[in-house]
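Peer 1:
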Amino acid sequence: MIQNKRSIKNWLFFVIMLTSTIVLLIAGLLFITFRMVQLKQDMNNSLTIQAGVIADNAQAVIVFGDKDEANNLLASLKYDPQVIYALLLNDEKQILAHYQRPGSDVPITTEAIGEFLTENPASSETERYLAYTRPIYSHANKIGHVILFADFSRYWQLLTRSALVVAFVIVLALFVALFLSYILQKLISKPIESLASFVSTVTEGQNYELRTENKSYAEIEQLATAFNQLLEQIHRAISARDHAQHQLRTYSFQLEDLVYQRTRQLEEAKEAAEASSRAKSAFLANMSHEIRTPMNAIVVFTKLALNASESPHQQQQLKRALESADLLLALIDDLLDISRIDANKMELDYQNCNLFEILTSIVQMLTAKFVEKGLEFIIDISETVPRFIETDSLRLKQVLINLLTNAIKFTEAGQIRLTISASAMGSAAQVTFVISDTGIGMDRETITRIFEVFSQADVSITRKYGGTGLGLSISKKLVALMGGNLNVDSHPGQGSRFSFSLPIKSALPDYDDAIISRSAASMPAVIVVESRQQSREHLLKLLQSLGCSVDGAATGNEALALLAQRHYRHLLISRNLPDIDAFALVRQIRTDPQLSDISISLMDSLLGEQAVKQFSETVTQVDYLKTPIFDRTLLCRHLLQNQQETEPQILPHFSPPPQTPKLFNVLIVDDYYINRLLIMDILQDQVEHFLEAGNGREALEILQKEKIDLVLMDIQMPEMDGFEATRQIRRQLHLTALPIIGMTAFAAESDCRQCYQAGMNDVLTKPVDIDQLKKIFDQLGKGRTKFATEDHAAGLTLSNYRLPGIDVESGLSRLRNDEEKYKKLLVLFYKSYQGKESLLEDHLEQKNWTAAEVWVHALKGICANLSISSVNDSCVALYEQLKNRSVNQQDLRQFKHHLTEVIMGLQQLAESEQ
Amino acid sequence: MRFLQLLTKSVFISALLLSQGWAIDHRELTIKAAYLFRLSLFVEWPPSKLSPTGSEPMLFCVAGNQGMSEALKTALADKSINQHKIEVAEVQLRNDLSACHLLYLPRHIQTPKPFLQAVVSHPVLTVGETEAFYRQDGMIYLYTKENRIRFAINEQAAKKAGLELRAQLLHLADQPP
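Going down the list, the protein sequences come from chains V and U.
Each step along the first sequence adds one to the number in this note's numbering, with nothing skipped, and position 837 is 837.
Count along the second sequence starting at 1, add 914, and that's the number in this note's numbering.
1. For V:A793, does the three-state DSSP call read helix, strand or coil?
2. Taking the alpha-carbon positions, what's the V:R532 to V:D551 distance?
3. State yes or no: is the C-beta of U:P971 within less than 8 Å of the C-beta of U:I1000?
4. So with CB distances below 7 Å, who are the chain U contacts of V:Q59?
5. Would V:L882 and V:A858 qualify as a contact pair, given that the criterion is a beta-carbon distance under 8 Å?
6. In chain V, what lies closer than 7 Å to U:L956 by C-beta?
7. Are any of the Cβ atoms in chain U nearer than 8 Å to that of V:H145?
8. Count the other C-beta atoms from every protein chain shown that fall within 10 angstroms of the C-beta of U:V1033, then say buried if there are 16 or more, exposed otherwise.
9. For chain V, check one thing: does any of its Cβ atoms lie closer than 8 Å to the Cβ of U:I995?
10. Identify which residue in U:L964, U:L943, U:E958 has its Cα closest to the Cα of U:A1081.
11. If V:A559 and V:I600 are in contact, beta carbons under 8 Å, what's the gap, nearest whole angstrom?
12. Where does V:D623 land, buried or exposed, given buried means 16+ other C-beta within 10 angstroms?
13. Which whole-angstrom value is the C-beta distance of U:I1023 and U:A1072, which I expect to be below 8 Å?
14. List, in chain order, every chain V residue whose beta-carbon is nearer than 8 Å to that of U:H1085.
15. Under 8 Å, with one C-beta from each stretch per pair, do the stretch 533-544 of chain V and the stretch 489-498 of chain V reach the 3-pair mark?
16. Could you check whether the Cβ of V:L634 sits closer than 7 Å to any heavy atom belonging to the ligand ATP?
17. Enumerated in chain order, which unbroken segments of the beta strand (DSSP E) with a length of 3 residues or greater are wholly contained in the stretch 394-430 of chain V?
18. Verify the CB distance criterion: does U:R952 have a CB-CB separation below 8 Å to chain V?
19. Could you tell me which residues DSSP pairs with V:V488 in its beta bridges?
20. Label V:P102 either buried or exposed according to how many other C-beta atoms from any shown protein chain fall within 10 Å of its C-beta, with 16 as the threshold for buried.
21. Quick check: the Cα distance between V:T438 and V:D581, rounded to an integer number of angstroms?
22. Let me know the secondary structure DSSP gives V:M713 once reduced to three states.
23. Could you check whether the Cβ of V:D66 sits closer than 8 Å to any Cβ belonging to chain U?
24. Within a Cβ cutoff of 6 Å, which residues of the same chain sit near V:C755, ignoring the five residues on either side of it in sequence?
25. I believe V:E119 touches V:P135 by the beta-carbon criterion, under 8 Å. Please report the beta-carbon distance rounded to the nearest angstrom.
26. What residue range is occupied by the uninterrupted alpha helix (DSSP H) comprising V:K883?
27. Return the chain-ordered ranges of every alpha helix (DSSP H) run that is complete within the stretch 505-593 of chain V and spans a minimum of 4 residues.
28. Here's the rule I'm using: 16 or more other beta-carbon atoms within 10 Å means buried, otherwise exposed. How should V:E645 be labelled?
29. Near V:A793, which residues of its chain fall below 7 Å by C-beta distance, leaving aside the five closest residues on each side in sequence?
30. V:V63 touches chain U at which residues, Cβ-Cβ below 8 Å?
31. Quick one: list the residues of chain U neighbouring V:S138, beta-carbon separation under 8 Å, in chain order.
32. Within the continuous alpha helix (DSSP H) that includes V:G28, where are the two ends?
33. Identify whether V:K786 lies in helix, strand or coil by the three-state DSSP scheme.
34. Grab me the residues of V:G144's own chain with a C-beta within less than 6 Å of its C-beta, minus the 5 sequence neighbours each way, in chain order.
35. So, with DSSP's three-state summary, where would you put U:V957?
36. Comparing C-alpha positions only, which one of V:A55, V:S216, V:L223, V:R154 sits nearest to V:I147?
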């Protein structure tokens, strides 16, 4: 890095000065030298002249040897200050005369004179003097010499003077040079500086349009021109860039426009597609409805015909027809499902479902088939599986039923096991369902094909086992939709194992577990009498997990033997005993007075429920447990409940034989004449008079005119659908007591909810199940009188309230769906127990065990009757503890929590009932 | 032997004495001759008398007949002035004195007048040694003073004769006592 930048100004200045100085010095030196030479020359000339003059004038003197005159002659040399010494010699080399300047020395010795006596004039020079010798001739005869000696004093003097002058002149000249150079450098540096300042102006202002007009020197002009060109280029480049940017912006706007247009187009296309898709959905939905309706008619009429038929041959034919119709319906359902799933139209309806209820429903559906084939059905639910899960219950049911149906289909003997387990991974829990059977199994090739649509193992199997062939593919797709993956593991002859896991959000904490685990100490000893090993072992495990001490017996005699050895509180006897009939065994046990306090429960599928119940009523009291047993909570409750003494009943049990009072006027609202006919057919015995309406509006008109006892309301109707009609009936017509039963093609729970919310009392799914209709009808009929007399202003149904801890359905069913009564009772409960949440705590603080026990016992009974299950369960647990005079604080807290919850929930109901 | 030696010596001494005596005279003549020569160096004869470029001899005339011419000849033997060889001649009045370039009247010539009249208005340099010579318009008067030879010059006389005397010579001339 150059530390001190060299300025061109200073440089020029310096250069000029240097040049001048050097030149002047050289000139000066030359001049001095010249002067030296000149002075010498002058000296020589002077001496020459003087010597000549003297020589010319000295002839006579020398000839005559006149010394005096000779001296006189030489004396004239005094006028030349240079001459310090002079000699006049005759031809005999004798000094005739000499001259010596006063103050000077004799420059030479006498001996040296000889050198000077030359033929011709000559000069010689030493450091100290310059000598000039000249021979003197007279008439061509040399007669003598004159020698002159001059010193350099004058020489030096003159020279010095010259030098001083030169120096002075040089200095003066240098000053002039300084001045001139200063001016001159300006001439150069000015244009450069101006150029430099121009450039900095341009760069600072970023103004590339400026140009410079530098008219100075060619080179600087060149530079300026180059600058101008550069600026021109930059300017052009910047213009080009700006232009490009502008263009870019224009393009980007255009693009934005384009994008906007495209987006709009896409949106339009999307809307069109969505509209088309919606149309397809609507089409599918309508198709579902349209297809079901005639199918519905076919099935129902065929059933009616079958019922009415007396010829076995005809019955056979009709049965076949019915089977085909069922199959067709099933096929149609499956097809619609598949097409919906494939078209991504399948929407899952996630609700908070009771898994155990789902299983119960499935069991109900499939029990007949199990019993028919004599297969064991074991449901093994792990303790960690929550009771409530968020899922689409309908689809889950569909999958499980499909898999279980297949299992049943392809198993000749043995058991089918449904294992449900749960595993939690942080917040993501999953529930795993495994359906395993001891059936025929599948080879690997078959496994790869079974999930394909319309492929069963082979044609022979289709013929043998029936089925639509779509089930597994639908199941697989459904499971996938629900976030799982349906897998199969099977080997020929070794049965099959289908499994899938669903990610499930655990909906509610399973408070039942607390009760179960806590009650371990108070669990009774149980004998399980079951011949089938798998079922027996399952039951034993279940009971052990509850904390019971269990023993198993495979035969009745084994059971008797066990009974003789130990004391048991419970006996669970299966109807499938090889050696003795279960009833007989019961009778036998009951005859033994020692075993009088044993509670006996007979285990059988729901098909045998009636028989057991009848036996219990007529012979001896036995309880009934529906197989397959899988619900720990229920089991626990069952076991504990049976330990109770008689409970104070608030309400009397109602057990008169069901009668079938008739209804007078029933309004059927359906846009299909056939459907109306159907229902009229079914209910012709129970109904006096039918009225028909083709849609909601017509129904309203009729209701305004006539007095109707019951409305059967189809949902999908033109002009006014079932929901709207129901709402209007309730609000506009104020017919809040009028029972309205809805009939919908959709079975999803949300649809049912919608029906209830609209104001319907109950919902049926199409195709209308005759028995179902009859059952509902019966229930309504029983409570009919109450309905007719009471006229309540508040028409909101219980389902509109959130009543935590209360099993409303169970409570209602207990009261034969007498909602008003139920409500009244709940309000009564509320009034009785409002503010009494802390009563138990107070009793306990005062160590008033007895009072606490009695209070809890009473509460338990009431809750049991009203199906306030949460409080009931808490009471059950606490009662046991109270008996032992020690209460678990956590249970106590939970009890209080439940009671408070229930009362708070009932508050709303109570207020609206005022 | 001694006698011879003595004889020789006496001869030598007498010769010497004689020569001395003779030498003294001889010497004086030589000196005079030298002066004559010297003086001639600074005199210019008119071209008609002595051509500047030629080489005819110059005639130095000595008046009397004392036998001086021999000595003078000897003294001036090789000398020349401007290529002009110097001839010495003893002359009498009867001779044509106008042919001389220089006329020397030694001391013994008591009456220089007739000589002077003979060469008057002729370019002849007259050199004398007597007062009378000088009074009678002799041009150059040689005399001895303080044992040295001096000369006095009558410039007009020389001019009249058409002779030119150089300044230097004039400068060196003395006034006669």
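Every residue gets a Cβ at the ideal spot worked out from N, C-alpha and C, and that includes glycine.
In this text, all values refer to a predicted model and were calculated from it rather than measured experimentally.
Peer 2: Well, looking at it:
1. On the first sequence, position 793 is the one that residue 793 of chain V refers to. Low local confidence applies: a pLDDT of 40 at V:A793 is under 50, so the model's placement there is unreliable, with the coordinate-based value given in what follows. Assignment of V:A793 by DSSP, reduced to helix, strand and coil, places it in the coil class.
2. For the purposes of this step, residue 532 of chain V is taken as residue 532 along the first sequence, with counting starting at 1. For the purposes of this step, residue 551 of chain V is taken as residue 551 along the first sequence, with counting starting at 1. If you take the alpha carbons of V:R532 and V:D551, they lie about 14 Å apart.
3. For the purposes of this step, residue 971 of chain U is identified with residue 57 of the second sequence, where counting begins at 1. For the purposes of this step, residue 1000 of chain U is identified with residue 86 of the second sequence, where counting begins at 1. Between U:P971 and U:I1000, the C-beta spacing is below 8 Å.
4. The residue labelled residue 59 of chain V in the question sits at position 59 within the first sequence. Q1082, listed in chain order.
5. Numbered from its first residue, the first sequence carries residue 882 of chain V at position 882. Numbered from its first residue, the first sequence carries residue 858 of chain V at position 858. Taking 8 Å as the Cβ cut-off, V:L882 and V:A858 do not qualify as a contacting pair.
6. Position 42 of the second sequence, counting from 1, holds the residue named residue 956 of chain U. The identity of residue 956 of chain U in the sequence shown is Phe, whereas the question assumes Leu. Per Cβ cutoff of 7 Å: A60.
7. As a position in the first sequence, residue 145 of chain V is number 145, starting the count at 1. Cβ-Cβ to chain U under 8 Å: no for V:H145.
8. Within the second sequence, numbered from 1, the residue matching residue 1033 of chain U stands at position 119. With 16 or more other Cβ atoms inside 10 Å of its own Cβ, U:V1033 counts as buried.
9. The residue you call residue 995 of chain U lines up with position 81 of the second sequence. Yes - at least one Cβ of chain V is within 8 Å of the one on U:I995.
10. Locating residue 1081 of chain U in the second sequence gives position 167, counting from the first residue. Answer by Cα proximity: U:E958.
11. Numbered from 1 along the first sequence, position 559 holds the residue referred to as residue 559 of chain V. Numbered from 1 along the first sequence, position 600 holds the residue referred to as residue 600 of chain V. The pair is not a contact, with the Cβ atoms about 11 Å apart (cut-off 8 Å).
12. Here residue 623 of chain V refers to the residue found at position 623 of the first sequence. Classification for V:D623: buried.
13. Position 109 of the second sequence, counted from the start, is the residue given in the question as residue 1023 of chain U. Position 158 of the second sequence, counted from the start, is the residue given in the question as residue 1072 of chain U. Not really, about 20 Å apart at Cβ, beyond 8 Å.
14. Here residue 1085 of chain U is taken as the residue at index 171 of the second sequence, counted from 1. Listed along chain V are A60, E69, each with a C-beta nearer than 8 Å to that of U:H1085.
15. Because the criterion of three Cβ pairs below 8 Å is not met, the stretch 533-544 of chain V and the stretch 489-498 of chain V do not touch.
16. Ligands are entirely absent from the displayed structure, and the ligand ATP is therefore not among its contents.
17. Taking only runs of at least 3 residues, the beta strand (DSSP E) segments lying wholly in the stretch 394-430 of chain V are 415-425.
18. Taking the second sequence and counting its residues from 1, one reaches residue 952 of chain U at position 38. Against chain V, the CB of U:R952 has a partner CB under 8 Å away; the residue lies at that interface.
19. Stepping through the first sequence from its first residue, residue 488 of chain V is reached at position 488. Bridge partners of V:V488: V:F498.
20. Mapped onto the first sequence, residue 102 of chain V falls at position 102. Exposed.
21. To locate residue 438 of chain V, count along the first sequence from 1; it is residue 438. To locate residue 581 of chain V, count along the first sequence from 1; it is residue 581. Straight-line Cα distance between these residues: approximately 27 Å.
22. Residue 713 of chain V sits at position 713 when you count from the first residue of the first sequence. In the displayed model, V:M713 falls within a strand according to three-state DSSP.
23. Position 66 of the first sequence, counted from the first residue, corresponds to residue 66 of chain V. V:D66 counts as touching chain U.
24. Translated into positions along the first sequence, residue 755 of chain V becomes position 755. Same-chain partners within the cutoff: G742, V763.
25. As a working note, residue 119 of chain V is residue 119 in the first sequence. As a working note, residue 135 of chain V is residue 135 in the first sequence. With a Cβ gap of about 6 Å, V:E119 and V:P135 count as contacting.
26. The residue given as residue 883 of chain V occupies position 883 in the first sequence. Taken as a continuous stretch (DSSP letters only), the alpha helix (DSSP H) holding V:K883 covers 869-883.
27. The qualifying runs are 511-518, 533-546, 556-565, 582-591.
28. Residue mapping note: residue 645 of chain V aligns to position 645 of the first sequence, counting from 1. Reliability fails at V:E645, whose pLDDT of 42 lies under 50, so the model's placement of it is uncertain and the value that follows must be treated cautiously. Counting Cβ neighbours within 10 Å, V:E645 comes out exposed, since fewer than 16 surround it.
29. Translated into positions along the first sequence, residue 793 of chain V becomes position 793. Bear in mind that a pLDDT of 40 at V:A793, under 50, signals an unreliable position, so the model cannot answer this.
30. Start at 1 with the first residue of the first sequence, and residue 63 of chain V comes out as number 63. Neighbours of V:V63 in chain U, taken as residues whose beta carbon is under 8 Å from its own, are R952, L955, F956 in chain order.
31. Residue numbering aside, residue 138 of chain V sits at position 138 when the first sequence is read from its first letter. The answer, in chain order, is L955.
32. What you label residue 28 of chain V is simply residue 28 of the first sequence in a count that begins at 1. Start and end: 8-57.
33. As a working mapping, residue 786 of chain V is identified with position 786 in the first sequence. At V:K786 the pLDDT is 37, less than 50, meaning the model places this residue with poor confidence and gives no usable figure here.
34. In the first sequence, counting from the first residue as 1, residue 144 of chain V sits at position 144. If we look at V:G144 and ignore the five residues flanking it on each side, its Cβ neighbours are I62, L89, N90, D91, I136.
35. Counting from one through the second sequence, the residue named residue 957 of chain U turns up at place 43. In the structure shown, U:V957 sits in a strand (DSSP, three-state: E or B).
36. As a first step, residue 147 of chain V is located in the first sequence; it is residue number 147 there, counting from the start. For V:I147, the nearest C-alpha among the options comes from V:A55.
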